[in-house]
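First residue of the sequence shown: 4, per this note's numbering; consecutive thereafter. Okay, so here's the structure we're looking at.
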Amino acid sequence: MIELREVSFSYNGKKILDNINLKVEEGEFLAILGPNGAGKSTLLKCMAGILKCEGDIEVMGKEISSYTRNELAKIISYVPQKVMPTFLRVFDMVLLGRRPYMGLTPSKRDLEIVNNVLRIMGIKHLSTRPTKSLSGGELQKVAIARALAQDTPIILLDEPTNNLDPKSQIQVMELLKELARENRTVVAVMHDINLALRFAERFVFIRDGKVVGVLPKGELNEEIFKSTFDLNVEFIKATNGSLLCNFHL
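Below, the structure is given as structure tokens:
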């Protein structure tokens, strides 16, 4: 679905990503983990085609640069780490996700899709509110709703649970897991490691712009966390069967 081969990226002479090799499969929920400044957000932007990098990125068997912007927008949706509020109403902001498919005016199907994702995200009651009036958590839900309205096979999210209360975090992560079950490819940069462990299936560990390791949940070990975060970890199984990490220096 997405394959990166020897991908590097530099900014002002500083190497942010260094020789990244990664393959993400169809229907996979992949979490990108690493300390601050590791290059996680930059990696996601390269995968989304927002940043031009050295090396090769293939999306659905084609070089990412061979797609037009509109073609790529029908394949990849991207939720940034920070969403800027505007005077647009919530409904209109989410409708922007339909732009790759729309003519001069939205179709009946476009409007139905927007109404449906507003309902799924639990923000239909905010439809007429300007996004500038929303809380950080409400705005984050709008950004995710816009990506859902885009209806793409690949969804890339940079810290999707930012600003969300615990209940909303669980709801969003359950939604992402359900999308993966529907054979969509979900890649999320995560800072909450235990939340990532509960829902994602495979994990990319990044430090100083390099991949430390790529492991499925069943193969996670103390060494990968030590190498990535300089922290010792104790694995704990919750009563519901979820794997949790207890970190200590």
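Built from N, CA and C at the ideal position, the CB exists for glycine as well.
Spatially closest choice to aspartate 211 from Phe90, Ser136, Gly40, Glu226, by CA coordinates: Gly40
Could you pull the start and end residues of the alpha helix (DSSP H) that glycine 139 belongs to? 139–153
Per DSSP, which residues does phenylalanine 94 bridge with? Please list them. DSSP, once it has assigned bridges, lists no residue as partnering phenylalanine 94.
How many whole angstroms separate the CB atoms of arginine 92 and arginine 132, which I take to be in contact at a CB cut-off of 8 Å? 7 Å
Write down the C-beta distance between alanine 148 and valine 120 rounded to the nearest angstrom, noting that I regard them as a contact closer than 8 Å. 5 Å
Given this structure, state the Cα-to-Cα distance separating methionine 96 from threonine 134, to the nearest angstrom. 8 Å
Where isoleucine 53 sits in the DSSP three-state scheme: coil
For the beta strand (DSSP E) holding threonine 188, just list the boundary residues, first then last. 188–192
Measure the Cβ-Cβ separation of glutamine 153 and glycine 100 and say whether it is below 8 Å. yes
Whole angstroms is fine: what's the gap from leucine 252's alpha carbon to phenylalanine 228's? 12 Å
Close-in-space but distant-in-sequence residues of the same chain around threonine 155 (CB under 8 Å, 5 per side omitted): Ala76, Lys77, Ile78, Ile79, Ser80, Arg187
Tell me the DSSP bridge mates of lysine 18? Ser13
Taking only the alpha-carbon atoms, compute the straight-line gap between glutamate 29 and alanine 150 and give it to the nearest angstrom. 18 Å
Residues in the same chain with beta-carbon distance under 7 Å from phenylalanine 32, minus the five sequence neighbours each way, listed in chain order, please. Leu179, Lys180, Ala183, Val189, Phe202, Ala203, Glu204
Suppose contacts are defined by Cβ-Cβ distances below 8 Å. Is isoleucine 158 in contact with glutamate 141 by that definition? no
Taking asparagine 197 as the reference, give the member of Leu223, Pro83, Ile60, Val10 with the closest Cα. Leu223
Return the chain-ordered list of same chain residues with a C-beta closer than 6 Å to the C-beta of asparagine 73, the five sequence neighbours on each side being excluded. Pro103
Leaving out the 5 sequence neighbours to the left and right, which residues in its chain are closer than 8 Å to histidine 194 when beta-carbon positions are compared? Glu162
Distance, glutamate 237 Cα to glutamate 225 Cα: 7 Å
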